[in-house]
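Colleague:
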Ligand code: ARG
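Dropping the structure here:
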């Protein structure tokens with residue numbers, strides 16, 4: 138280790154890995170280590186993380202509630218963009234990383250630190266998201282990923298290291314799964330899930346009940362949007378984080394929001410991941426339903442085909458602070474002006490059905506759509522339109538016929 142590093146800001150969860158990293162960095166670099174723990178709605182007791190950071194010997198401790206910023210600046214823009222990776226993954230983990238990395242860099246600048254550090258492994262997407270975000274925001278900052286560098290290979294070795302260094306760990310029965318949780322959803326991988334042919338065991342789920350165990354009566358909910366942003370639920374105005382938490386409860390108790398995906402990771406491997414994302418599932422469906430009503434055809438098609446999947450890729454690839462993401466956001470913003478209105482959803486045994494929508498900016502025109510007596514559509518214009526519309530095909534067909 139040739140480089141001199143004196144002060145490090147560590148993304149700290151309070152778990153075994155990051156506790157061992159805290160001590161390891163102090164020993165390896167002889168550096169001061171400041172821990173940073175963000176509350177993104179993971180529902181863990183942050184007092185425990187604080188206590189553990191203190192007892193492990195952190196030189197300073199930051200704990201911040203970032204739920205509001207997470208929802209307003211990361212989750213809702215992604216919702217408006219329709220950002221779902223490979224048509225299934227609603228990007229909960231992927232959206233949280235750039236925010237955590239941004240705060241790490243900001244704290245490093247305020248504290249005059251030379252480096253930030255995280256506990257990601259060398260095989261996943263999250264290391265890329267932390268490292269690339271840091272580079273984008275401050276190209277001079279060093280990013281340390283001890284799990285990528287050190288020689289400890291197993292959990293047993295880490296536990297041994299913790300015991301030797303008086304790190305207060307609670308050695309619980311080891312879960313075979315690796316999980317990540319925030320407001321927008323929960324990611325679960327490893328263990329038996331690594332065989333994509335195996336049905337996920339019920340024990341992996343925490344946010345959702347199994348659809349079979351869900352109530353026999355459907356739950357109806359009504360969501361209000363303003364400019365593509367959800368602002369209320371069932372007749373009540375609600376702030377974003379609270380609305381998401383409420384929808385996670387209602388959706389989860391009706392078995393809504395389980396996703397099973399074999400996804401393409403950035404580092405080139407396919408991996409099988411299970412997601413629980415009740416609120417995201419409901420909100421994406423509701424938002425889409427309102428766009429059906431309020432977006433003009435070509436804009437809607439373009440957004441769905443070109444913008445949403447690309448936006449999702451950028452988020453997944455760790456390129457949140459990429460100029461293309463900002464440019465796409467500008468496109469999305471102009472499409473959202475009229476995405477205002479009310480959507481009714483029915484949740485029933487794992488299914489989330491849109492059953493009604495209305496908007497003051499609705500482009501749906503009953504007098505044009507109806508087959509009843511009120512019909513105002515000019516059918517006589519249809520014939521000429523069809524002739525011109527089909528002209529290129531007619532020309533091509535005539536050429537073919539002439540060649541025969
Ligand atoms: N595959 C997801 C992503 O790349 C989740 C990663 C974190 N998952 C986990 N089980 N630790 O965003």
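Residue numbers (our numbering): 138 to 541. We put the beta carbon where it would ideally sit given N, CA and C, even for glycine.
1. Is there contact between the stretch 354–370 and the stretch 477–497, where contact requires at least three CB pairs shorter than 8 Å?
2. Drop a sphere of 10 angstroms on the beta-carbon of residue 297, count the other beta-carbons inside from all chains shown, and report buried for 16 or more, exposed for fewer.
3. Alpha carbon to alpha carbon, what distance is there between residue 223 and residue 333?
4. What's the call for residue 537, buried or exposed, on a 16-neighbour Cβ count within 10 Å?
5. Is residue 325 near the ligand ARG, judged by its Cβ being under 7 Å from some heavy atom?
6. Which residue spans inside the stretch 229–316 form an unbroken beta strand (DSSP E) run of at least 3?
7. What separation, rounded to the nearest whole angstrom, lies between the Cα atoms of residue 395 and residue 414?
8. For the ligand ARG, is there any heavy atom lying closer than 7 Å to the beta carbon of residue 517?
9. For residue 254, is the classification buried or exposed, using 16 other Cβ atoms within 10 angstroms of its Cβ as the cut-off for buried?
10. Can you check whether the CB of residue 385 is closer than 8 Å to the CB of residue 344?
11. DSSP three-state label for residue 371, please.
12. Looking at residue 185: is its Cβ nearer than 8 Å to the Cβ of residue 152?
13. Between residue 320 and residue 231, is the Cβ-Cβ spacing less than 8 Å?
14. Whole angstroms is fine: what's the gap from residue 348's alpha carbon to residue 393's?
15. What residue range does the beta strand (DSSP E) around residue 175 cover?
16. Would residue 226 be called buried (16 or more neighbouring beta carbons within 10 Å of its own) or exposed?
17. Please state whether DSSP places residue 494 in a helix, a strand or coil.
18. Assuming residue 314 and residue 327 form a contact by the criterion Cβ under 8 Å, report the distance between their Cβ atoms to the nearest whole angstrom.
19. Ignore the nearest five residues each way along the sequence and tell me which others in residue 381's own chain have a CB closer than 6 Å to its CB.
20. Measuring only the C-alpha atoms, how far is residue 257 from residue 149?
21. What residues in its chain sit with their C-beta under 8 Å from that of residue 176, if we drop five residues either side in the sequence?
22. Helix, strand or coil: how does DSSP classify residue 489 here?
23. Give every residue of the same chain whose Cβ lies closer than 7 Å to the Cβ of residue 464, excluding the five residues on either side of it in the sequence, and list them in chain order.
24. Which residues mark the beginning and the end of the alpha helix (DSSP H) in which residue 419 is found?
25. What residue does the beta strand (DSSP E) around residue 148 start on, and which one ends it?
26. Inspect the beta-carbon positions of residue 115 and residue 304 and report whether they are closer than 8 Å.
27. Measuring alpha carbon to alpha carbon, tell me which of 318, 241, 236 and 181 ends up nearest residue 456.
28. Apply the 10 Å Cβ neighbour rule to residue 424 and answer buried if 16 or more other Cβ atoms are within range, or exposed otherwise.
29. Is residue 151 near the ligand ARG, in the sense that its beta carbon is under 7 Å from a heavy atom of that ligand?
30. From which residue to which residue does the alpha helix (DSSP H) around residue 158 run?
31. Under 8 Å: do the stretch 422–438 and the stretch 401–414 share three or more Cβ pairs, one atom per stretch?
Modeller: In this structure, then:
1. yes
2. It is exposed - the Cβ of residue 297 has fewer than 16 other Cβ atoms within 10 Å.
3. 16 Å
4. Exposed, by the Cβ-count rule.
5. yes
6. 252–254 and 279–281
7. Distance between the alpha carbons of residue 395 and residue 414 is about 7 Å.
8. no
9. buried
10. Taking the C-beta atoms as reference points, residue 385 is found nearer than 8 Å to residue 344.
11. coil
12. no
13. no
14. Answer to the nearest angstrom: the Cα atoms are 7 Å apart.
15. 169–176
16. buried
17. DSSP, read as helix, strand or coil, puts residue 494 in strand.
18. 5 Å
19. Excluding sequence positions up to five before and after residue 381, its CB lies within less than 6 Å of the CB of 320 and 416, all in the same chain and listed in chain order.
20. Distance from the CA of residue 257 to the CA of residue 149, rounded to the nearest whole angstrom, comes to 11 Å.
21. 183, 200, 201, 202, 203 and 204
22. strand
23. none
24. Run containing residue 419: 415–431, per the alpha helix (DSSP H) assignment.
25. 144–148
26. No statement about residue 115 is possible, as the shown extent of the chain runs from 138 to 541 and does not include it.
27. 236
28. With a 10 Å radius around the Cβ and a threshold of 16 neighbouring Cβ atoms, residue 424 comes out buried.
29. no
30. 153–166
31. Contact fails: fewer than three Cβ-Cβ distances are below 8 Å.
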